Amino acid sequence: MAYVDGFVIPVPKENIEAYKKMSLACGAVWKEYGALEFRENIGDDVPPGKVTSFPMSVDLKENEVVAFSWIVYESRAKRDEINEKVMKDPRLAEFMDPKRMPFDGKRMIYGGFEMIVDL
Numbered sequence: 067m068a069y070v071d072g073f074v075i076p077v078p079k080e081n082i083e084a085y086k087k088m089s090l091a092c093g094a095v096w097k098e099y100g101a102l103e104f105r106e107n108i109g110d111d112v113p114p115g116k117v118t119s120f121p122m123s124v125d126l127k128e129n130e131v132v133a134f135s136w137i138v139y140e141s142r143a144k145r146d147e148i149n150e151k152v153m154k155d156p157r158l159a160e161f162m163d164p165k166r167m168p169f170d171g172k173r174m175i176y177g178g179f180e181m182i183v184d185l
């Protein structure tokens, strides 16, 4: 069954267009190397919680919005192979530099997930 990398990211509202530009460039490269899906979403109905929530998870600031993203791969082995190539691709060097990212990478939450249901 497929494998998914998931991300929750705080994006400054003023950087949404830069984030979209970065995502389009990155997504094209991930897909070129074999990712099955590359999805980026900006929060529209993301309420704060009392115990836990997307905003709390990334310590969301007043001028930020939550991005929720995922990449789907054929398998974990394929994901590892694709990510190794992506991280070395010179076309993405500017986006991998923490000083140039349009978001605070220290507050990004991410992880790899084995898909158990696909309807």
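In this note's numbering, the protein residues as written are 67 to 185.
Where a beta carbon is used, it is the ideal one built from N, C-alpha and C, also for glycine.
Just so we're clear, the structure is a prediction, and the values are computed from it rather than from any experiment.
DSSP state of residue i mapped onto helix, strand, coil
| i | result |
| --- | --- |
| D163 | coil |
| I175 | strand |
| V112 | coil |
| L158 | helix |
| L90 | helix |
Residue range of the unbroken beta strand (DSSP E) whose run includes residue i
| i | result |
| --- | --- |
| G100 | Segment: none, G100 is in no beta strand (DSSP E) and carries neither H nor E. |
| A133 | E130 to Y139 |
| V70 | Y69 to P78 |
Residues bridged to residue i [DSSP beta-bridge criterion]
| i | result |
| --- | --- |
| N107 | F134 |
| E180 | Y69 |
Exposed unless 16 or more other CB atoms sit within 10 angstroms - verdict on residue i
| i | result |
| --- | --- |
| P156 | exposed |
| V117 | exposed |
| I175 | exposed |
| V183 | exposed |
| M88 | buried |
| L185 | exposed |
Any chain C beta carbon closer than 9 angstroms to residue i
| i | result |
| --- | --- |
| Y69 | Chain labels in this structure do not include chain C; a single protein chain is all it has. |
Terminal residues of the alpha helix (DSSP H) in which residue i lies
| i | result |
| --- | --- |
| S119 | First-last for S119: undefined, no H or E at that position. |
| R142 | R142 to K154 |
Worksheet item: With a cut-off of 8 angstroms, do at least 3 Cβ pairs link the region 105 to 121 to the region 155 to 164?
Response: Contact between the region 105 to 121 and the region 155 to 164 is absent, with fewer than three C-beta pairs closer than 8 angstroms.
Discussion item. Under 8 angstroms: do the region 119 to 133 and the region 74 to 88 share three or more Cβ pairs, one atom per stretch?
Written reply: With three or more CB-CB distances shorter than 8 angstroms, the region 119 to 133 counts as touching the region 74 to 88.
Item to complete: Count the C-beta pairs between the region 132 to 147 and the region 67 to 80 that are closer than 8 angstroms, then say yes if the count reaches three, no if not.
Response: Output reads yes: the region 67 to 80 touches the region 132 to 147.
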